[in-house]
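Trainee: Line order of the protein sequences matches chains P and D. Numbering of the first sequence is given in this note's numbering, commencing with residue 1020 and proceeding in unit increments. Numbering of the second sequence is given in this note's numbering, commencing with residue 432 and proceeding in unit increments. Glycine included, C-beta positions come from ideal geometry on N, C-alpha and C. What you are looking at is a predicted structure, and each value in this text was computed from that prediction instead of being measured.
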Amino acid sequence: MQHFAPPLALEIHALTKRFDRPAVDGLNLTVRCGEFYALLGPNGAGKTTTLRMIAGLLRPDAGSIRVAGVDALADPVAAKQVMAWISDEPMIYDKLTPLEYLEFIAGLWRVEPAQARSRAQELLDWLDLLPHAHERCEGFSKGMRQKVALAGALVHDPRLIILDEPLTGLDAGSARQVKSVLRERVGAGGTVIMTTHILEVAERMADRIGVIAHGRLIAEGTLDELRRKAGTDAAGGVGTGNDASLEDTFLALVAAPAEAA
Amino acid sequence: MIARPGSAVWFAAHEWRLARRDWLAMITAGRPERLRRAVFAIAIFVIFLHVVAYWTVGRYAAAGPDQPTLAAVTATMLLSWFLMISQAMESTTRAFYSRSDLDLILASPAAVARLFAVRIATVALSVAMMALPLGAPFIDMLIVLGGWRWAGAYGVVAAMAAAATALAVGLTVALFRVIGAKRTRFVAQVVAAVIGAAFVIGLQVAAILSYGTVSRLSVVQSRSALALAPDAASIVWWPARAALGDATALVGVLGLSLVLLGAVIAMVASRFGEYAVTAASAGASKVQARPTGGFRPTSPRRALRRKEWALLRRDPWLVSQTAMQMLYLIPPALLLWRSFTASDGAYQLLVPVLVMAAGQLAGGLAWLAISGEDAPDLVAAAPVPPRYIVQAKIEAVVGVIAVVFAPLVAVLAVASPWHALVSFAGIALAAAAATAIQLWFRSQAKRSQFRRRQVSSRLATFAEAFSSIGWAATATVAAASVVLAVAPASLALLVVAGAWFMSPRSAPRAA
């Protein structure tokens, strides 16, 4: 019988970045196409640095990054063409309207105008931004700004979406809209990699979860696999075996390397 | 002694601590280890200014209160006073609109009127402190050469700062009431800038219209102006008399200014909090943009250019800050108009002004386009090679320079093709050099930090200014003799090369 390996959306090998101390320390990570991958870790674990290197915003000291089979360090433009990056601080221009913002992004990603226009209308409608399509973003709330940024990330139909704490500061309604858009993307074959401190979101949305600490991947898998690895029940007695929440599991996992250190 | 919390003295101590730390951060660029070097540099600069002052005002040390002297001193003081009003308006507007600690203070049970009274007084103090570094060396030299009577000039500076602040606060509050919170921010800042430039420009315009030169004091010292001026005993000259050592005039001027400031504080401080809350509420209003015809076919470079132009066009505050430099083009433009059929002398005067203005405008625009990118990660994450991004931003700057200066050069070309050609070359070189310097010293900042760009890299600011001066000098000399222009051009190139050498160009960039 022939095994069919699903194509990889992201392959990271021995990725290293050092500032005054190692921020990312020989990280290996693979994410399959059509997967929702949550990257968790305590503050300063190296999550944002990792995502910024994938998005081409930081150059690693060592290691390799392949996005949809493209070597992102050798050909960053080709890799960026299939990616979108969203940070916790929405990257939008106050003096542009949502529609103009999407037109700008469509220009940067060389999306054909007719296609971009119909996609922009669809996204603005989907995210309840259509009534504000011609208003400048300067008066928008944090939630609306984040939705504009999300529309910008999706207007060029990326195969890989990288999000760094996208739900920070959003109200329940906006957070639900963002989550539903992301799930829809994954359902349509896209790949999402997201960092979050809201463990419930990772627990409910992610197909696989990676836990990073001190710049290294210390655990990876589905929630059940992580529970088993953490031995949550036995190790700390904070969980109840298969019923242990991701929070219990996460705390047990990140506590182990800290104790070892 | 520790002041009672919530008292005016306690607020004053709080403001003093914040101001001192801000000032230290400004002179050391946020690196405390540089303090000794900064103090040394300031000391050298102060000594240098004293030397300049000795050569400039030394001969006036023995001047008495005759009408021409009083007219010249009054005009000089008015020049400074207008600048003080401009600065005080700017500070007052910031106090209304900058949120910083206002939310904390307004939410506290403290008597906010006391804090705002202290803040208005702080504005007056800061206005005086800003004027002193430039004024003190001249006053010191006059004291050394002309005696202690000149010490009264320090009192006049304090009086001018108090009166300027009173007027600025009154004007800003009046604007607030008449045109509302939403428009006041922009209008007040434009008014502040125009007031700052208006008197200088006004004097130049008057000088050009009547005498055909740009000398600022030629009008006030002219025989016809002096004939219209009041006699030397008039109260109009009291500020000038106070500066010249008349104790009665000094007490009168200082007393009147302080009473004026006190009255404004008493009237406004209690309502300042209310104004600040109104200003905050005005910030969230919706602005509709004219719908565009839909998505246009474009390339990444064109999209970047369009974005830069749209952002610039839609930010009246930034436009006003950038275009203020253009106000100084009014006198040379007038000179051009007046001298359209006259000799080459007038055109010779125009060339450096155009070149200098182009260099300064290009520097400001280049900072906005290159460093003042509000979504740097978005642009860096786009599938566009970094060099294309930089090229597009430079093209956006060049486009604006072309639109502003092409009409002036075209008019000049009709009158004097040679001067137009030299101006064109000078404008291109000055703009290119200023843009290159901003590119080499680029740093990440918000567009709203435009006013603080000089602080973030003083080296870039000085290099940009000296390069513009160098190219202006080159163009001036080139208009007369291309061969002789090699010397100033070499100096300008040296400045640009020095800037490149000292720039942090080796710093790591985004991938």
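What separation, rounded to the nearest whole angstrom, lies between the Cα atoms of D/T787 and D/R468?
Mentor: What you label residue 787 of chain D is simply residue 356 of the second sequence in a count that begins at 1. What you label residue 468 of chain D is simply residue 37 of the second sequence in a count that begins at 1. Looking at the sequence provided, one finds Met at residue 787 of chain D rather than Thr. So the alpha carbons of these two residues sit roughly 31 angstroms apart.
Trainee: At least one CB of chain P closer than 8 angstroms to the CB of D/F527: is that the case?
Mentor: Position 96 of the second sequence holds residue 527 of chain D. It does not; no Cβ of chain P falls within 8 angstroms.
Trainee: For a contact meaning CB atoms closer than 9 angstroms, what does D/D662 contact in chain P?
Mentor: Counting from one through the second sequence, the residue named residue 662 of chain D turns up at place 231. Within chain P, no residue comes near D/D662; the closest Cβ sits about 56 angstroms away, beyond 9 angstroms.
Trainee: Run through chain D and tell me which residues come within less than 9 angstroms of P/A1125, C-beta to C-beta.
Mentor: For the purposes of this step, residue 1125 of chain P is taken as residue 106 along the first sequence, with counting starting at 1. Correct list: F726, T729 and A734.
Trainee: Taking D/F547 as the reference, give the member of D/A612, D/A700 and D/V842 with the closest Cα.
Mentor: Position 116 of the second sequence, counted from the first residue, corresponds to residue 547 of chain D. The shortest C-alpha separation from D/F547 is found at D/A700.
Trainee: Are D/E446 and D/R525 touching if we call contact CB-CB under 8 angstroms?
Mentor: Numbered from 1 along the second sequence, position 15 holds the residue referred to as residue 446 of chain D. Numbered from 1 along the second sequence, position 94 holds the residue referred to as residue 525 of chain D. Cβ atoms of D/E446 and D/R525: not closer than 8 angstroms.
Trainee: State the start and end residues of the unbroken alpha helix (DSSP H) segment that holds D/H481.
Mentor: Here residue 481 of chain D refers to the residue found at position 50 of the second sequence. First-last of the alpha helix (DSSP H) with D/H481: L466 to V488.
Trainee: Shortest alpha-carbon distance to P/G1188 belongs to which of P/D1243, P/T1035 and P/R1164?
Mentor: The sequence position of residue 1188 of chain P within the first sequence is 169, counting from 1. If we check each option's Cα against that of P/G1188, P/R1164 comes out closest.
Trainee: For my contact list, D/S557 and D/S517 are in at a C-beta cut-off of 8 angstroms; report their separation, rounded to the angstrom.
Mentor: As a first step, residue 557 of chain D must be located in the second sequence, where it is residue number 126. As a first step, residue 517 of chain D must be located in the second sequence, where it is residue number 86. Contact flag wrong, Cβ pair sits at about 13 angstroms.
Trainee: From which residue to which residue does the beta strand (DSSP E) around P/T1210 run?
Mentor: In the first sequence, counting from the first residue as 1, residue 1210 of chain P sits at position 191. Note, P/T1210: beta strand (DSSP E), T1210 to T1214.
Trainee: Just list the residues that DSSP pairs P/D1090 with in beta bridges.
Mentor: Mapped onto the first sequence, residue 1090 of chain P falls at position 71. Paired residue(s): P/R1085.
Trainee: Quick one: residues in its chain with C-beta nearer than 6 angstroms to the C-beta of D/T459, no 5 flanking neighbours on either side, listed in chain order?
Mentor: What you label residue 459 of chain D is simply residue 28 of the second sequence in a count that begins at 1. Cβ neighbours of D/T459 beyond the five flanking positions: R465, L466 and A469.
Trainee: Taking only three categories from DSSP, how would you classify D/P919?
Mentor: Within the second sequence, the letter at position 488 stands for residue 919 of chain D. Correct three-state label for D/P919: helix.
Trainee: Taking only the alpha-carbon atoms, compute the straight-line gap between D/D677 and D/R580 and give it to the nearest angstrom.
Mentor: The residue labelled residue 677 of chain D in the question sits at position 246 within the second sequence. The residue labelled residue 580 of chain D in the question sits at position 149 within the second sequence. Taking the straight line from one Cα to the other gives about 8 angstroms.
Trainee: For P/K1161 and P/P1109, I'd like the C-alpha separation in whole angstroms.
Mentor: The sequence position of residue 1161 of chain P within the first sequence is 142, counting from 1. The sequence position of residue 1109 of chain P within the first sequence is 90, counting from 1. In a straight line, the C-alpha of P/K1161 is about 8 angstroms away from that of P/P1109.
Trainee: Report the option in P/Y1112, P/F1038, P/I1228 and P/R1129 whose CA atom is closest to the CA atom of P/P1079.
Mentor: Residue mapping note: residue 1079 of chain P aligns to position 60 of the first sequence, counting from 1. For the residues P/Y1112, P/F1038, P/I1228 and P/R1129, the minimum Cα distance to P/P1079 belongs to P/F1038.
Trainee: Out of P/L1265, P/H1233 and P/L1142, which has the shortest C-alpha to C-alpha gap to P/S1199?
Mentor: Looking up residue 1199 of chain P in the first sequence gives position 180. Here the closest residue by C-alpha is P/L1142.
Trainee: Spatial neighbours of D/A844 within its chain, please: CB distance less than 6 angstroms, with the 5 preceding and 5 following residues excluded, ordered by chain position.
Mentor: Taking the first residue of the second sequence as 1, we reach residue 844 of chain D at position 413. Correct list, in chain order: A851.
Trainee: Just to make sure I have the definition right: I need the residues of chain D whose C-beta is within less than 8 angstroms of the C-beta of P/S1193. Which are they?
Mentor: One-based indexing of the first sequence puts residue 1193 of chain P at position 174. Result: empty, since nearest Cβ-Cβ is about 17 angstroms, beyond 8 angstroms.
Trainee: Can you tell me whether P/E1239 is helix, strand or coil according to DSSP?
Mentor: The count along the first sequence starts at 1 and reaches residue 1239 of chain P at position 220. Here P/E1239 sits in strand by DSSP.
Trainee: By how many angstroms is the C-alpha of D/R732 removed from the C-alpha of D/V395?
Mentor: Because chain D is modelled from 432 through 942, residue 395 of chain D falls outside the range shown and cannot be assessed.
Trainee: Hey, is P/P1132's beta-carbon within less than 8 angstroms of any beta-carbon in chain D?
Mentor: Start at 1 with the first residue of the first sequence, and residue 1132 of chain P comes out as number 113. At least one chain D Cβ lies under 8 angstroms of P/P1132.
Trainee: Using a beta-carbon distance below 8 angstroms, is P/W1104 in contact with chain D?
Mentor: Within the first sequence, the letter at position 85 stands for residue 1104 of chain P. Closer than 8 angstroms to some Cβ of chain D, the Cβ of P/W1104 qualifies, so yes.
Trainee: Any idea what DSSP makes of D/T772, helix, strand or coil?
Mentor: Working through the second sequence from its first residue, we reach residue 772 of chain D at position 341. With a pLDDT of 49 at D/T772, under the threshold of 50, the modelled position of this residue cannot be trusted; read the value that follows with caution. Coil at D/T772, not helix or strand.
Trainee: How many Å lie between P/V1197 and P/V1174 at the Cα?
Mentor: Mapped onto the first sequence, residue 1197 of chain P falls at position 178. Mapped onto the first sequence, residue 1174 of chain P falls at position 155. Looking at the two C-alpha atoms, the distance is approximately 14 angstroms.
Trainee: Leaving out the 5 sequence neighbours to the left and right, which residues in its chain are closer than 6 angstroms to D/S688 when beta-carbon positions are compared?
Mentor: Looking up residue 688 of chain D in the second sequence gives position 257. Excluding sequence neighbours, D/S688 sits near A590, A593 and A594.
Trainee: Does P/E1184 come out as helix, strand or coil in the three-state DSSP assignment?
Mentor: Looking up residue 1184 of chain P in the first sequence gives position 165. Coil at P/E1184, not helix or strand.
Trainee: Nearest by alpha-carbon distance to D/S934: which of D/A916, D/L514 and D/Q869 is it?
Mentor: Residue mapping note: residue 934 of chain D aligns to position 503 of the second sequence, counting from 1. Nearest of D/A916, D/L514 and D/Q869 to D/S934, Cα basis: D/Q869.
Trainee: What's the C-alpha gap between P/L1182 and P/L1201?
Mentor: What you label residue 1182 of chain P is simply residue 163 of the first sequence in a count that begins at 1. What you label residue 1201 of chain P is simply residue 182 of the first sequence in a count that begins at 1. The straight-line gap from Cα to Cα measures roughly 10 angstroms.
Trainee: Do D/A694 and D/V504 have their C-beta atoms closer together than 8 angstroms?
Mentor: Along the second sequence, one-based indexing puts residue 694 of chain D at 263. Along the second sequence, one-based indexing puts residue 504 of chain D at 73. No, these two residues do not count as a Cβ contact at 8 angstroms.
Trainee: What span of residues does the alpha helix (DSSP H) with D/G867 cover, start to end?
Mentor: The sequence position of residue 867 of chain D within the second sequence is 436, counting from 1. The sequence shown places Ala at residue 867 of chain D, not Gly. Counting along the chain, the alpha helix (DSSP H) containing D/A867 begins and ends at P848 to W871.
Trainee: Going along chain P in order, which residues have a C-beta closer than 8 angstroms to the C-beta of D/L742?
Mentor: Taking the first residue of the second sequence as 1, we reach residue 742 of chain D at position 311. Those within 8 angstroms of D/L742 in chain P are Y1112, K1114 and L1115.
Trainee: DSSP state of P/D1107, grouped into three classes?
Mentor: Within the first sequence, the letter at position 88 stands for residue 1107 of chain P. Correct three-state label for P/D1107: coil.
Trainee: Could you give the distance in angstroms between the alpha-carbon of D/A941 and the alpha-carbon of P/A1125?
Mentor: Here residue 941 of chain D refers to the residue found at position 510 when the second sequence is read from its first residue. Here residue 1125 of chain P refers to the residue found at position 106 when the first sequence is read from its first residue. Caution applies to D/A941, whose pLDDT of 41 falls short of 50 and renders its modelled position unreliable; the model cannot decide the point.
Trainee: Kindly indicate if chain D contains any beta-carbon less than 8 angstroms away from that of P/E1266.
Mentor: Working through the first sequence from its first residue, we reach residue 1266 of chain P at position 247. No, because no Cβ of chain D sits closer than 8 angstroms to the Cβ of P/E1266.
Trainee: Tell me the rounded alpha-carbon separation between D/T905 and D/A918.
Mentor: Here the question's residue 905 of chain D lines up with position 474 in the second sequence. Here the question's residue 918 of chain D lines up with position 487 in the second sequence. Taking the straight line joining both Cα atoms gives about 8 angstroms.
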